[in-house]
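Residue numbers (my numbering): 244 to 461.
We treat Cβ as the ideally placed atom computed from N, Cα and C, and that holds for glycine.
Quick caveat: nothing in here was measured; it's all calculated off a predicted structure.
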Amino acid sequence: MKSIVIVISGRGSNMESLLKATAAGELPVRISAVLSNRPDAVGLRTAAAYGVPTQVVDHTEYASREAFDAAMAETIDGLGPDFVVLAGFMRILSDAFVQHFQGRLINIHPSLLPSFTGLHTHRRALQEGARIHGCTVHFVTPSLDHGPIIVQAAVPVLDGDDEVSLAARVLAQEHCVYPLAIRWLAEGRVRLVEGRVFLDTPQDGAAVLVSPPAQVAP
Ligand code: NHR
Ligand code: GAR
244 MKSIVIVISG
254 RGSNMESLLK
264 ATAAGELPVR
274 ISAVLSNRPD
284 AVGLRTAAAY
294 GVPTQVVDHT
304 EYASREAFDA
314 AMAETIDGLG
324 PDFVVLAGFM
334 RILSDAFVQH
344 FQGRLINIHP
354 SLLPSFTGLH
364 THRRALQEGA
374 RIHGCTVHFV
384 TPSLDHGPII
394 VQAAVPVLDG
404 DDEVSLAARV
414 LAQEHCVYPL
424 AIRWLAEGRV
434 RLVEGRVFLD
444 TPQDGAAVLV
454 SPPAQVAP
């Protein structure tokens with residue numbers, strides 16, 4: 244069975260979606276450990292409650308980004324995972340770290356990439372008047388939020404949405420697609436060829452999301 248390490252910075256609800264799916268027998272992976280760069284991350288307590296080992300690599304204890312990344316890489320290498328799963332991890336990773344884990348490092352980002360890379364994605368989607376928003380699971384490459392895309396989920400932006408309501412609608416989809424993407428990876432259904440993802444999964448072109456829904460004349 245493939246093993247993964249999950250890396251968090253805070254709440255850890257995406258991490259919990261993976262722990263839940265694993266506990267339910269829906270995600271055939273061994274979760275070797277949950278790592279956090281913040282000692283006070285709420286997700287560390289959640290992980291412990293699921294009986295998953297936790298470790299902290301506190302970025303404030305390192306003189307540079309490179310030194311922190313090297314310590315993280317060493318900790319992860321010690322665990323020997325097949326995949327490294329970023330779940331609400333909030334530190335940009337250096338090229339050396341990303342290259343070390345190339346093809347094994349996955350992130351979930353709260354926008355439909357390549358729109359809204361970086362931070363405050365929900366606020367910016369609202370400011371731009373986007374009608375459709377969502378989330379993206381992708382391989383991490385040195386170019387921030389531009390790695391090969393594995394799966395995306397779209398949600399409508401509704402009149403009256405604020406950052407909180409929109410974030411909640413997107414987060415519900417994150418909790419669906421992240422376990423799905425990690426399952427596909429664990430089952431060897433994701434191939435990365437020359438920077439593009441090829442999926443060995445059922446696909447049909449039927450689903451179309453239009454927001455607001457198209458009105459058909461009577
Ligand atoms: N690193 C690389 N090289 N490539 C990616 O695609 C990465 C990455 C590291 C993290 C997650 C990402 C996201 O999904 C991610 C993708 C943090 C920042 C950021 O600006 C940006 C993107 C992401 C994560 N962080 C600030 C920093 O200076 C700190 C912000 C904070 O601590 O609150 O590192 O959006
Ligand atoms: C999630 O929405 C995740 O996509 C996003 O932060 C939230 C973390 O929630 N990630 C980023 O913005 C990465 N920069 P969680 O800790 O409850 O999973």
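Residue span of the alpha helix (DSSP H) that contains residue i, given as start and end
{"i": "T318", "result": "308-322"}
Boundaries (first-last residue) of the beta strand (DSSP E) holding residue i
{"i": "T297", "result": "297-299"}
{"i": "S463", "result": "Residue 463 lies beyond the residue range present for the chain, which begins at 244 and ends at 461; the question has no answer from this structure."}
{"i": "L435", "result": "433-436"}
{"i": "L329", "result": "326-329"}
{"i": "L442", "result": "439-442"}
Cβ-based neighbour list, residue i, same chain, cut-off 8 Å, excluding 5 preceding and 5 following
{"i": "L278", "result": "V248, I249, V250, I251, T297, Q298, V299, V300, M315, T318, I319"}
{"i": "R366", "result": "E406"}
{"i": "A449", "result": "none"}
{"i": "T444", "result": "W427, R432"}
For residue j and residue i, the rounded distance between their alpha carbons
{"i": "L348", "j": "P456", "result": "36 Å"}
{"i": "Q342", "j": "S454", "result": "39 Å"}
{"i": "H376", "j": "S354", "result": "6 Å"}
{"i": "G294", "j": "R432", "result": "28 Å"}
{"i": "V327", "j": "P271", "result": "15 Å"}
{"i": "A429", "j": "T303", "result": "33 Å"}
{"i": "L452", "j": "A397", "result": "8 Å"}
{"i": "K263", "j": "M244", "result": "17 Å"}
{"i": "F332", "j": "G403", "result": "29 Å"}
{"i": "S260", "j": "H363", "result": "22 Å"}
{"i": "F359", "j": "P385", "result": "17 Å"}
{"i": "G372", "j": "A410", "result": "15 Å"}
{"i": "T265", "j": "V420", "result": "14 Å"}
{"i": "I339", "j": "Q345", "result": "Position check: residue 339 holds Ala in this sequence, whereas Ile was assumed. Looking at the two C-alpha atoms, the distance is approximately 10 Å."}
{"i": "S408", "j": "S275", "result": "34 Å"}
{"i": "R288", "j": "E417", "result": "21 Å"}
{"i": "A313", "j": "V285", "result": "24 Å"}
{"i": "L442", "j": "A415", "result": "23 Å"}
{"i": "P399", "j": "R281", "result": "33 Å"}
Neighbourhood of residue i by C-beta distance below 7 Å, restricted to the same chain and skipping five residues each side
{"i": "I335", "result": "L387"}
{"i": "I392", "result": "L356, T379, H381, V440"}
{"i": "G438", "result": "P391"}
{"i": "R273", "result": "M244, S246"}
Residues of its chain near residue i, where Cβ-Cβ distance is below 6 Å and the 5 sequence neighbours each way are ignored
{"i": "E330", "result": "According to the sequence as given, residue 330 is Ala; it is not Glu. So the list reads I249, I251, N257, M258, once near-sequence residues are dropped."}
**Prompt:** Unbroken alpha helix (DSSP H) runs of length 4 or more, entirely within the segment 333-405: which are they?
**Reply:** 338-343, 364-370
**Asked** Which runs of the beta strand (DSSP E), 3 residues or longer, sit entirely within the segment 260-292?
**Response** 272-279
**Request:** Kindly provide the chain-ordered list of residues whose Cβ lies closer than 6 Å to any non-hydrogen atom of the ligand NHR.
**Result:** L329, F332, M333, R334, I335, L336, V341, N350, H352, G361, L362, V383, P385, L387, D388, G390
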